[in-house]
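Those letters in the first sequence? Residues 54 to 322, per my numbering, in order. Ideal Cβ positions, reconstructed from N, Cα and C, are used throughout, including at glycine. Here is the structure we will look at.
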Amino acid sequence: MPELPEIICRAREMNEALVGRTVRSIEALQPKCLNVPVEKFREGLTGAKLLGVTHRGKWLFVETSRGHLLINMGMGGEILLVPQDGLPEKWRVRFDLDGDETLTINFWWFGNTHFVAPGELGEHEMTAKLGPNALDLSSEEFAQRLTGRRGRIKSFLLDQSKIAGIGNAYVHDILFAAKLHPLRTIPTLEAADIERLYGAIRTELQRSIDAGGAWYEVGLNGGRGGFTADDLVIGYREGKPCPECGTTIEKIKTGSTSGFICPTCQVPP
DNA sequence: CAAGGTGTTGTCCA
DNA sequence: ATGGACAACACCTT
54 MPELPEIICR AREMNEALVG RTVRSIEALQ PKCLNVPVEK FREGLTGAKL LGVTHRGKWL
114 FVETSRGHLL INMGMGGEIL LVPQDGLPEK WRVRFDLDGD ETLTINFWWF GNTHFVAPGE
174 LGEHEMTAKL GPNALDLSSE EFAQRLTGRR GRIKSFLLDQ SKIAGIGNAY VHDILFAAKL
234 HPLRTIPTLE AADIERLYGA IRTELQRSID AGGAWYEVGL NGGRGGFTAD DLVIGYREGK
294 PCPECGTTIE KIKTGSTSGF ICPTCQVPP
C-alpha cells in the first residue's frame with residue numbers, strides 16, 4: 054500500500070540517512086521474499102557501501118558499490134533505522150550498518166527484497182517492465198500511452214507497466230478529481246477528459262507528498278506521514294456526502310478491487 | 001472467536 | 001489485448 058507518495062518520501066529519507074554507510078552483515082528470516090538464495094543475497098551485499106536511493110513506481114532502488122538492492126513493500130510494512138540493541142519486534146530482513154545501527158525491513162504481506170548484481174539491472178524482470186513514474190511524464194506522453202487501449206480507465210491507472218506508482222488508495226480521489234467513473238472505457242474519453250485526468254494525477258499525488266505521505270505508513274524513524282483520512286476526498290468515505298454536490302458516496306466493485314465514487318459527479322458509463 | 005476484507009504483484013486461463 | 005480468479009498466509013474489523 055505504499056504508493057508513489059510514500060515511496061518518494063522514503064527514498065528521500067534514506068538518501069539523507071544512509072548514503073555513505075557500509076553494510077557490515079545481513080540476516081534474512083524469510084527466504085521467500087528474496088530473488089536469490091539467502092547465502093547469495095548475503096554474500097552479494099555484505100560490505101557494500103550505500104551510494105544513493107531512487108524509486109520507480111512502488112519500488113525503491115538502493116544503489117550500492119556491489120550492485121542494487123531493490124525493495125517492494127507489498128501491502129505495507131516498515132523500513133526502520135534503529136540502534137543495534139533496539140531491534141523492533143518484527144523484521145524479515147536486517148542490514149547491520151557501521152555506526153551500530155541496523156536497517157530493518159518488515160512487511161506484513163507480499164513484500165520483496167531483491168539483489169541485482171552490478172550491470173544486471175536490465176535483467177530484473179519485475180522492475181524492467183515498469184512504465185514511467187506517474188509524475189515523470191508529460192501530458193502528451195500520457196495521452197500517447199492511452200491511445201489504442203480499450204480497457205477501463207481504472208485498470209489502466211493501476212497497471213504498473215503502463216504508468217508506475219498509482220495504487221488502489223489514491224486512485225479513487227484521482228478519478229473523482231477528474232470527474233471520471235472508474236469503469237469508463239478508454240475509447241470513450243475525450244481529449245479534455247484525458248487532460249483533466251493528467252492534472253488530477255499530479256495534484257492528488259502531490260497533496261500527499263507535501264504532507265509527508267500517508268498516515269498509515271511510517272518513516273525510517275517510526276514517524277507517520279501527515280496525509281490523513283481527513284485529507285481523502287472520496288476514497289473510503291462510503292455513506293458520507295460528496296463534498297461537491299452532497300450525493301451519498303458509494304462503494305462499488307471495480308473488477309477485483311473496490312472503488313469509491315460520487316454517482317452524480319462521476320456518471321456511470 | 002472465527003470469518004471476511006484488504007493497500008501488491010505475478011501467473012494462468014478464458 | 002483485456003479481465004477475472006487465484007495464490008503468496010498478516011493484520012484489522014465485524
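According to DSSP, residue pairing for Leu103 in a beta bridge involves Thr117.
Here Thr317 carries a coil assignment [DSSP, helix/strand/coil].
Between Ala70 and Leu123, the C-beta gap is not smaller than 8 angstroms, which leaves the two residues out of contact. Per DSSP, reduced to three states, the secondary structure at Pro58 is helical. Counting of Cβ neighbours within 10 angstroms places Ser214 among the exposed residues, the total staying below 16. The alpha-carbon of Leu150 is positioned some 18 angstroms away from that of Val91.
Residues of the same chain with a CB within less than 6 angstroms of the CB of Lys143, apart from the 5 flanking positions on each side, are Asn159 in chain order. Taking C-beta separations shorter than 6 angstroms and ignoring five residues to either side along the sequence, the partners of Met126 in its chain run Pro55, Phe160, Gly164, following chain order. Here the alpha carbons of Glu297 and Gln319 stand approximately 11 angstroms from one another. In this structure Lys293 is not in contact with Ile305, their Cβ atoms being roughly 15 angstroms apart against a cut-off of 8 angstroms. The segment 181 to 195 and the segment 208 to 227 touch, with no fewer than 3 CB-CB distances between them shorter than 8 angstroms.
Looking at the backbone, the Cα of Thr155 and that of Gly139 are separated by about 9 angstroms.
One Cα belongs to Thr300, the other to Asp153, and the distance between them is close to 55 angstroms. In the DSSP assignment, Thr155 falls within the unbroken beta strand (DSSP E) covering 154 to 160. Bridge pairing for His167: Leu123 [DSSP].
For the pair Gly288 and Ala222, the CB atoms are nearer than the 8 angstroms cut-off. Taking all protein chains shown into account, Trp112 has 16 or more neighbouring C-beta atoms within 10 Å of its C-beta and is therefore buried. Inclusion of Thr166 and Leu242 in the CB contact set at 8 angstroms is not warranted, their separation being larger than that value. When DSSP states are grouped into helix, strand and coil, Val135 belongs to the strand group. Here Arg202 really is in contact with Phe209; their C-beta atoms are around 6 angstroms apart, less than 8 angstroms.
Here the C-alpha atom of Leu103 lies approximately 35 angstroms from the C-alpha atom of Gly252.
Counting along the chain, Lys304 sits inside the beta strand (DSSP E) bounded by residues 303 to 307. Membership of Ala81 in the beta strand (DSSP E) is indicated by the continuous run 76 to 81. Contact between Cys62 and Gly265 holds, since their C-beta atoms are separated by about 6 angstroms, short of 8 angstroms.
Using a Cβ distance threshold of 8 angstroms, Ala170 and Val106 do not count as a contacting pair.
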